[in-house]
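*Asks:*
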Amino acid sequence: MSIPVPIVLPDADHLPVVLVLASGRGERFLASGGSTHKLQADLCGATVLQRTLDAVRASGLRWHLEDVGHPGMGDSIAAAVRATRNAAGGWMVLPADLPLVQPNTLVTIARASLDGEVLVPWFEGQRGHPVRFAASCGDALASLKGNQGAAPVVSAREAIKMIVSDPGCVLDIDTVADLERARVAWKNRR
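Residues 0 to 189 (numbering that gives the first Met the number 0) are what the sequence shown spells out, left to right.
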């Protein structure tokens, strides 16, 4: 499958910035028999990270890659938010190990009405990514630390649940078996 055709978003400056988190150590993948970091693993001719970045680029949204090693996901989110403080439209947190997320899904989440401060996509009863945060969450996100990610920010606010039809929101790569499932899904994409 080729790289998705980019979507042109004339209002991208007013939409959330996609924070692509690629700082993790990938220990579960290595422990499951992986021979490389999960983000560098081959997914049908490109790395897992490249597939994720291709989708983000094709969405037309502004984005930031956070790939400096941090002690935990919370630290990564905080660093990414601090690096993009001018994000008037807020942020969408996307772990880099979700290579099957669709560009149109990213745009749909970015453009959804945000009645609260947090929007969480759900696919077939599973909570997914990217999680969208209003700009008003900036200080809380910028002060995150540790391995809980943005869970403290989400739990302190009323999160809006958005049903999506994209399995790529929940198909993350944590083990070699996950990578094999992703390869099958990639080959079966239309």
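Think of the CB as a built atom: it goes at the ideal place given N, C-alpha and C, for glycine as much as any other residue.
Are the beta-carbon atoms of Gly88 and Ala158 separated by less than 8 Å?
*Replies:* Not a contact, by the Cβ cut-off of 8 Å.
*Asks:* Can you give me the C-alpha to C-alpha distance between Ala149 and Ala86, rounded to a whole angstrom?
*Replies:* Cα to Cα, Ala149 sits roughly 17 Å from Ala86.
*Asks:* Whose C-alpha, out of Gly25, Lys186, Lys144, Ala111, is nearest the C-alpha of Phe132?
*Replies:* Residue Ala111 is the option with its Cα nearest to Phe132.
*Asks:* What's the call for Gly190, buried or exposed, on a 16-neighbour Cβ count within 10 Å?
*Replies:* Within the shown structure, residues of the chain are numbered from 0 to 189, placing residue 190 beyond reach of any answer.
*Asks:* Relative to the C-alpha of Thr104, which residue among Val130, Asp165, Gly71, Pro98 is closest?
*Replies:* The shortest Cα separation from Thr104 among Val130, Asp165, Gly71, Pro98 belongs to Asp165.
*Asks:* Across the segment 88–99 and the segment 128–144, are there enough close Cβ pairs to call them in contact, namely three or more that are closer than 8 Å?
*Replies:* Counting Cβ pairs under 8 Å, three or more are found: they touch.
*Asks:* Residues in the same chain with beta-carbon distance under 8 Å from Val117, minus the five sequence neighbours each way, listed in chain order, please.
*Replies:* Answer for Val117: Val130, Arg131, Phe132, Ala133, Cys136, Val152, Val153, Arg156, Glu157, Ala158, Ile159, listed in chain order.
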